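**Student:** Here's a structure for you.
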Amino acid sequence: MGSLSPQEVLRYSRHTMLPEFGGEGQARLKAGRALIVGAGGLGSPAALYLAAAGVGTIGLVDFDRVDITNLQRQILYGTADIGRPKLEAAAERLRDINPHIQIDAHDQPFGADNARELVSAYDVVLDGTDNFSTRFLVNDACVMVGRPNVYGSVFRFEGQAAVFATKGGPCYRCLHPEPPPAGLIPNCAEAGVLGVLPGMIGMVQATEAIKLLSGVGEPLIGKLLLYDALRMRFRQITLPRDPACPVCGDNPTITELVAYDIACEPEDVRSPGSRSPGSLDPGNTGNTPMEPTDEITAQELDEWRKSKRAHFLLDVREPYEHAAARIDDEATLIPMRQIPGSVDQLPKDQIIVVYCHSGVRSANVTAFLRAQGFDARNLVGGILAWARLP
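See the structure below:
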């Protein structure tokens with residue numbers, strides 16, 4: 170334990186008394202460098218436990234600000250942090266937990282132009298992303314640079330974890346060779362997520378990173394851990410490396426990093442004019458931007474309502490969402506999945522303003538209805554944008 174200061178020897182004493190870990194394992198953690206891509210639901214618990222465990226250098230990649238909707242699961246932040254850059258608040262919290270470690274804040278998107286440089290500067294990468302585009306990019310960069318990818322994902326009540334991109338082991342593309350069609354899979358803003366679920370999976374990721382850095386234990390290499398929070402069940406399935414994998418296979422066909430344009434994030438954080446078509450319009454690939462007449466902003470809708478301009482409000486969320494918050498008590502509620510069988514309930518002599526939580530589902534429905542001959546407009550940003558009106 171010669172590399173540890175007297176204060177560190179005392180701080181990590183519960184580690185070093187473990188025969189399997191000892192001072193050597195702790196010294197390896199201090200020399201270790203871990204990169205966490207995404208300081209959100211998964212990155213929060215992972216960062217907290219890596220910092221407490223004494224991982225010498227922790228890199229964080231994020232460029233978002235703390236929002237009140239984050240606080241249900243992103244335990245790095247508190248109410249006082251709302252509006253602050255996540256990295257600023259996260260670094261402050263982690264340095265308070267452990268002043269003996271170094272925090273590297275990378276306030277930038279994780280993209281094809283910087284992924285190799287970021288990944289190569291660390292010993293292990295923890296994937297805390299919430300979208301397929303970055304998830305594939307993290308995986309591909311880890312394979313190409315030769316760094317373990319500690320993967321985690323959550324959806325509603327279920328989570329997954331694995332260790333990818335190790336020598337001889339599988340990578341994420343061995344599980345999912347190609348990204349899903351644009352808009353097919355919603356993120357937690359659309360589908361919801363149990364607040365404690367990212368904590369469970371994030372801690373699994375932190376555990377695997379600690380094992381990899383310290384050389385202790387048997388990491389989840391060649392295994393996929395599945396967790397069902399509703400039934401409190403864990404399952405582990407074998408996931409072998411695919412020799413035909415396009416990235417880690419015997420004859421890789423993907424040798425350069427590619428940033429996929431998969432629009433599964435909320436409408437109000439995407440570029441203007443983009444949209445995410447779903448199962449209502451399977452023939453649309455998402456490459457055709459919505460026309461200005463297809464959309465209406467929250468400000469414009471507010472002006473319409475104040476001037477009593479005729480329109481028909483259509484809420485395509487789920488009943489529990491409608492009960493929690495709505496634009497108008499008289500809005501017609503028809504969940505998105507029921508729209509194809511309910512078009513006869515909608516007027517063709519009025520403008521239909523379609524809204525959901527953040528604009529993704531409503532964009533799908535708007536495109537579908539316009540194809541059926543309705544004059545439909547998507548409320549950009551959904552009820553979140555409406556709630557932000559002064």
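Counting the sequence shown from 1 gives a position; the numbering used here is that position plus 169. Glycine is no exception: its CB is placed at the ideal position from the N, C-alpha and C atoms. If you're wondering where the values come from, they're calculated on a predicted model, not measured in any experiment.
1) For proline 461 and aspartate 484, what's the separation of their Cα atoms in angstroms?
2) Please state the DSSP three-state secondary structure of threonine 407.
3) Let's see if you can read the secondary structure: which residues bound the beta strand (DSSP E) around histidine 275?
4) What residues match up with threonine 303 in a beta bridge as DSSP calls it?
5) Three-state secondary structure (DSSP) at cysteine 525?
6) Any contact of the segment 255 to 272 with the segment 336 to 345, i.e. 3+ C-beta pairs under 8 Å?
7) I want to know whether the segment 516 to 528 touches the segment 486 to 497 - three or more CB-CB distances under 8 Å.
8) Can you give me the Cβ contacts of valine 512 inside the same chain, cut-off strictly under 7 Å, excluding the 5 residues immediately before and after it?
9) Can you tell me where the alpha helix (DSSP H) holding threonine 226 begins and where it ends?
10) How is proline 415 classed by DSSP in three states: helix, strand or coil?
11) Hey, arginine 234 and arginine 264: beta-carbon distance below 8 Å or not?
12) Could you check whether the segment 466 to 480 touches the segment 543 to 552, counting it as contact only if at least three pairs of C-beta atoms, one from each stretch, sit closer than 8 Å?
13) Please list the segments of the alpha helix (DSSP H) lying wholly inside the segment 205 to 266, counting only runs of 4 or more residues, in order along the chain.
14) In whole angstroms, what separates the C-alpha of glycine 550 from that of tryptophan 473?
15) Could you give the residue range of the alpha helix (DSSP H) that holds aspartate 397?
16) Measure the beta-carbon distance from valine 293 to proline 317 and round it to whole angstroms, keeping in mind my assumption that it falls under 8 Å.
17) What is the C-beta distance between threonine 407 and proline 415, in whole angstroms, given that I count them as a contact (C-beta under 8 Å)?
18) Between which two residues does the beta strand (DSSP E) harbouring glycine 321 extend?
19) If you reduce the DSSP assignment to three classes, tell me which class valine 549 lands in.
20) What does a CB cutoff of less than 6 Å around glycine 371 pick up in its chain, not counting 5 residues either side in sequence?
21) Taking the straight line between their C-alpha atoms, what separation do you get for aspartate 236 and isoleucine 251?
**Tutor:** The short version:
1) Summary for proline 461: the model assigns pLDDT 47, below 50, so the residue's position carries little reliability, and this model does not support an answer.
2) The three-state secondary structure of threonine 407, taken from DSSP, is strand.
3) Here the beta strand (DSSP E) through histidine 275 covers 271 to 275.
4) Paired residue(s): none; threonine 303 is not in a bridge.
5) In the structure shown, cysteine 525 adopts coil according to DSSP, grouped into three states.
6) The segment 255 to 272 vs the segment 336 to 345: no contact.
7) Contact annotation: the segment 516 to 528 touches the segment 486 to 497, with at least three C-beta pairs closer than 8 Å.
8) So the list reads Gln541, once near-sequence residues are dropped.
9) Annotation for threonine 226: no alpha helix (DSSP H) segment contains it, though the beta strand (DSSP E) segment containing it runs 226 to 230.
10) In the three-state reduction of the DSSP assignment, proline 415 falls in the coil class.
11) At least 8 Å separates the beta-carbon of arginine 234 from that of arginine 264.
12) A contact exists between the segment 466 to 480 and the segment 543 to 552.
13) The segment 205 to 266 contains these whole alpha helix (DSSP H) runs: 212 to 222, 255 to 266.
14) Cα to Cα, glycine 550 sits roughly 17 Å from tryptophan 473.
15) For aspartate 397, no alpha helix (DSSP H) run applies; the uninterrupted beta strand (DSSP E) run containing it begins and ends at 392 to 397, by DSSP.
16) Rounded, the Cβ-Cβ distance is 5 Å, consistent with contact.
17) About 21 Å separates the two Cβ atoms, so there is no contact after all.
18) From DSSP, the beta strand (DSSP E) with glycine 321 extends over 318 to 324.
19) In the structure shown, valine 549 sits in coil (DSSP, three-state: anything other than H, G, I, E or B).
20) Result list for glycine 371: Leu211, Pro214, Ala215, in chain order.
21) Isoleucine 251 has its alpha-carbon roughly 5 Å from the corresponding atom of aspartate 236.
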